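One structure below.
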Amino acid sequence: MNWRNVWLITSREIRDQLRDRRTLFMVLVLPLMLYPALTIGMLQMQWLFNEQPRTVVVLGAQNLPEKPSLQLVDGNAFVPGWFDSPEHVKKLKVVTDAPSQPGEEWDEDDLSPERRARILSACRSIQESTEKREKIESEIEKLAGKKDVAAEAARLEAELTAVNEELARDFAALDVQVMIVIPDGFAGQVESLVESGTDDAPPAERVLEVRTVRNVADKKSHVAYSRVKDALAKWKQHITFARLEQADLPKSLVEPFKQLETDVSRSEERAAQVWGLLFPAILVIMCVTGAFHPAVDVAAGEKERGTMETLLICPASRTEIVLGKFNAVGLFSLTTAMLNLVSMGVTAAYVASVRSSGEGVPTSLGALTPPSLTAVVWVVVLSLPLAALFSALCLALATFARSSKEGQYYLTPLLMVTLGLTVFCMSPIAEIDPLTSVLPVVGPSLLLKELLTTGGTLNVLVYAVPVLVTSVGYSALALWWAIDQFKREDVLFREAERFDFRLWMQHLLRDKEPVPSFAEAGFCFVIVMLLYFASSKPFQVFTGAASDPGFELRAMQALMIQQLVVIATPALLMAVMLTSDPVKTLRLRWPKWQYLVAAPVLAVCLRPVVLTLMSSLSGWFFKAPPDRFAEQLEAMTSGNVELWIVLLAIAVAPGICEEITFRGFILSGFNHSHRPALAIVLSSLVFGLIHVVPAQVFHAFLLGLVIGTLAIRSRSLWPCILFHVASNGSQVLYGQAVEKSIDSRWLDPFVTYTEVVATNGELTRAAEFTWTTLVIATAISAAILYWLVMRRFHTEQASRSLEPTTPPGDVKSLDAASVG
Amino acid sequence: MIHVEGLTKRFADLRRGFVTALDDVSFDVHAGEIFGLLGPNGAGKTTCLRILSTVLQPSAGQAVVAGHDVTEDPAAVRAHIGFMSGNTGIYDRMTAFEMVEYFGRLYGVPEDDLHDRIDRVFETLQMNDIRDLLGSKMSTGMKQKVSIARTIVHDPPVLVFDEPTSGLDVLVARSLLQAIAELREEGKCIIFSTHIMREVEKLCDRIAIVHRGRLLACGNVRELEEQHGEPDMEELFFDLVTKHDESLAARSETAPVEAAS
């Protein structure tokens, strides 16, 4: 590694980017302008879209009490006393059916008498419809439980639907958001309640009903109603208090206590909430955006302008070139992120200070205190691995592109995924825990959120280590990928030819290779994943709820069908259609007998080790899966289904189907360029991902590594199937044995039992493997794994000595065919 | 200086399936000579030269440049080669001087000698007037000059010119050919690829005719004329190419019969 070359390339790229107006604009100008401009824009929008007054119709207004202290409506507005702020009164315009005083002047924004009359008549018909609806509903209720009334019920249902339709249509046709109906005799009853002295009229027994009509689905109606509701509540309370006063009773009769609020938050803390929400999001998004354009320019742009080869023929190695470019992109990513944060912070603080010092409603935030120095340091520390990760990812993707335009297409999905992750991290339920701390982007983002909001308590700082270690690891992986891309001829010299679907299909079906390509393997996984997703609904319908009778059996059947249709079929079809040697692709050759013995032994010996590992991780690292999932799992292992069916569905079917797909087609495709270690890791990763629940994903990934090694070493699928069946089968048998340990005691030499209280409060039995079992199982597993790995060298050396004679022969014969 | 033996390159192509772009090509080039690679477009000239510049890896065969194997020590090969082709453009946002200086540094020219060396190259190529001009503002001829300056700034013993005159007007092409001839006088080992017959006749000491990835003939002009009994280079070239195509066609017709037997 010649660091001078790296530095030369870095400095050239930086200078080059600084001479590019587009980059300068994106990286330097935009962040500084964006936030002030956005703020101004938002203020203007506020003026533009001021809340318009909404119309409230009051029917039966003549029934409202006229006594000033009990008045609800005054002219065409509510009485301000029933609202928190006089501003709110203006938001509601009232139309009443009270006869207007002769000679009364109408304001010009008021309704004309004709329009008013039309609205009122429409409202009356709505009122009738609501009454009709209630009548039908009560009749339907009466029918419930009676026999032989199906026809009558159907008729009523139809009537109800018709009335509902009519109501919705009429209300929508009116430009009225809320309608209030005051019943007859309301004023008299209320006034008699409150009037003092005249005790000759006893308080009425009947509680009168004031009806409000609104449309919850309509935002305007909803907002207007919430205001009306508050006003009516205040008005009601006032009447209640007046009645109590009149009867010489204390107010506490209806209001046993008053609720007081004390907020102990300091302004720094309130500000920290804002920074904690905004900073991680802006940091992540801007790290991507900042890396995006320079990456496209230094990689795809270099190809497009025809200078890529000039650089490739200089003595600097590909690694040095990529590192140089990576440094430059990283610097721009970091600069963009930092400038954005500073610009946003300053703008936000300024706006908050203007609003809180000005008159009017005080903001809930008050002046925004700037984040503390420690917080700023953390922002910088965490932005480094983030910028590095995004720079390397962008660079790798942009290297693959042939032109800047293509580069932008490839990078857009990255941007979308990042936006999704950011939104997830902003949600209040997303908190840092051991699992999220090791996820890319999510880890640093959540850690930063936590650090900014809590100010870095010790139990948060603990996570800094895993977050930083994994982030640096992910960045290194991404960088390695970028370098790898840069070393591939087919990536660097992709010709810009017009894409022709027919030609491409021809190429796929004609130029078959014995094993699938990397892309075909990836495509197979995507198809399996999509089918899995699409089939989840039909299977859910098929199995029904976990409490339904016969659920266990149907779940087992569903599992088997899913394995066959969703997992195995795509891989089998693709192997036949896209490869010239499906037998080699799916590794259907017979292996040496040692592997057939080693595979099941290894599976059974690994079981206690893996189970112990998983149970030691569960709870703190992997949270318990959703209840629904646990319920289904329990139902499946409850023993209501015969054992052989369970074994068939959980051990044999996945053993065969998943192996065909993951160790057959996908592993062969990933190993296309003969990098078995990478192929094993990648195939295990996709094998894990198909298992959805985090703990299962990890579990499958670990086993995938072992089975992948088995597949590569034995060059056969049979040991893999044996391993998979033995592994899943032993888990089922173990689970059943623990459950029924009273009558089957074969597990007793290996485990110790403890009584634990399950989440549902029942006492259940939990088993733990004894130390001797674990030590022996680990030793045997390790020995077999060692044997597998050591065999690798023997087989590799053997195949290497054969290599010069076999592969060229293969290709030659292909060439001869293609020349003709 | 350059030793090529059995060089072969294959790759997959969307339209044509598996393609052998270079098929078992062997030749040697010595110091102080210009070796011409002559062939129609798509003959495999560029692929061959890209392997020599270590940008591509050979599928089979061996190539040694200035004593370094292209697969075993690619960095050393690159350091001893000056390479110029239609695909080695210059940077738009760098001036001529910055461009040459940058590559001088990348090629490891000592900092003390670098500016002297650049001055001399700029003097020789008469490009002092475009010294501070940005690449984006240059004409094709100016760009070509900068490319040559970039190619020779580190004074490499081996020079490769892949169709250097394509797209140039007569005047610029002529001065470029002159510059290449002068480099031969300095004792450089030069490979010059082209599809223009006249340039080969004028410039090259020895010629190799390449077609469909195969080396059809190799030698100096007189040797080739004698071997094939054809005094006119253009006719000779045409004859060789048609004969090769005919033999390929014949072979593909007999191929199925062979397979059946």
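If you read the protein sequences in the order shown, they are chains W and P. All residue numbers for the first sequence refer to this note's numbering, where the first residue is 1124 and numbers rise by one. All residue numbers for the second sequence refer to this note's numbering, where the first residue is 15 and numbers rise by one. C-beta: ideal position from N, C-alpha, C; glycine also. Everything numeric in this text was worked out from a predicted model, so none of it was measured.
- In terms of Cβ geometry, SER1598 (chain W) and LEU1538 (chain W) do not form a close pair [threshold 7 Å].
- Look at the beta carbons and you see the stretch 1391-1406 of chain W touching the stretch 1491-1504 of chain W: at least three pairs across the two are nearer than 8 Å.
- Annotation for HIS225 (chain P): the continuous beta strand (DSSP E) segment containing it runs 220-225.
- For VAL1304 (chain W), the uninterrupted beta strand (DSSP E) run begins and ends at 1301-1304, by DSSP.
- Straight across, the Cα-Cα distance linking ALA1451 (chain W) with LYS1610 (chain W) is about 19 Å.
- Put simply, the CB of ASN55 (chain P) is far from chain W, with every gap to its CB atoms at 7 Å or more.
- Proximity of GLY1667 (chain W) to chain P, defined by a Cβ-Cβ separation below 7 Å, is not satisfied.
- Using a Cβ distance threshold of 7 Å, ALA1395 (chain W) and MET1549 (chain W) do not count as a contacting pair.
- Note on GLU1781 (chain W): 16 or more other CB atoms within 10 angstroms of its CB, so buried under the neighbour-count rule.
- By the neighbour-count criterion, in which a residue is buried when 16 or more other Cβ atoms sit within 10 angstroms of its Cβ, ASP146 (chain P) is exposed.
- At least 7 Å separates the CB of ARG1441 (chain W) from every CB of chain P.
- In the DSSP assignment, no residue is bridged to ARG164 (chain P).
- Here HIS1797 (chain W) is exposed. Its C-beta has fewer than 16 other C-beta atoms within 10 Å.
- Of the other Cβ atoms in all chains shown, 16 or more fall within 10 Å of the Cβ of PHE1793 (chain W); this residue is therefore buried.
- The beta carbon of LEU1615 (chain W) is closer than 8 Å to those of LYS1426, MET1431, LEU1435, THR1522, PHE1609 in its chain, skipping five residues each way along the sequence.
- Here DSSP, grouped into helix, strand and coil, assigns MET1737 (chain W) to helix.
- Chain W places a beta carbon closer than 7 Å to that of SER67 (chain P), counting this residue as a contact.
- In the structure shown, HIS17 (chain P) adopts extended strand secondary structure according to DSSP, grouped into three states.
- ASN1128 (chain W) and MET98 (chain P) have their C-alpha atoms some 21 Å from each other.
- Residue pairing from DSSP places LYS23 (chain P) in a beta bridge opposite P:LEU36.
- By the Cβ test, the stretch 1283-1297 of chain W is in contact with the stretch 1247-1261 of chain W, since at least three Cβ pairs between them sit closer than 8 Å.
- Within its own chain, the residues whose Cβ lies closer than 8 Å to the Cβ of LEU1719 (chain W), once the five positions on either side in sequence are excluded, are TRP1841, PRO1842, LEU1845, listed in chain order.
- Interface annotation, LEU1435 (chain W): in contact with chain P, CB-CB separation under 7 Å.
- When secondary structure is reduced to three states using DSSP, LEU1709 (chain W) falls in the coil class, being assigned neither helix nor strand.
- Per DSSP, the unbroken beta strand (DSSP E) holding CYS203 (chain P) starts and ends at 203-208.
- With a cutoff of 7 Å on beta-carbon distance, SER1839 (chain W) and ARG1710 (chain W) are scored as near each other.
- The continuous stretches of beta strand (DSSP E) do not include PHE117 (chain P), which lies in the alpha helix (DSSP H) extending over residues 110-120.
- Proximity of PRO1639 (chain W) to chain P, defined by a Cβ-Cβ separation below 7 Å, is not satisfied.
- Taken in chain order, the unbroken stretches of beta strand (DSSP E) that lie wholly in the stretch 1150-1190 of chain W and span 3 residues or more are 1177-1182.
- Judged by DSSP secondary structure, VAL79 (chain P) falls within the beta strand (DSSP E) whose first and last residues are 74-79.
- Under DSSP, no beta-bridge partner is assigned to PHE1380 (chain W).
- Rounded to the nearest whole angstrom, the CA to CA distance from THR1576 (chain W) to ILE1899 (chain W) is 48 Å.
- Secondary structure note for CYS1437 (chain W): it is in no alpha helix (DSSP H), with a DSSP letter that is neither H nor E.
- The C-alpha of SER1476 (chain W) is placed about 12 Å away from the C-alpha of SER1390 (chain W).
- The beta carbon of HIS1211 (chain W) is closer than 8 Å to those of ARG1350 in its chain, skipping five residues each way along the sequence.
- With a threshold of 7 Å between beta carbons, GLY1429 (chain W) makes contact with chain P.
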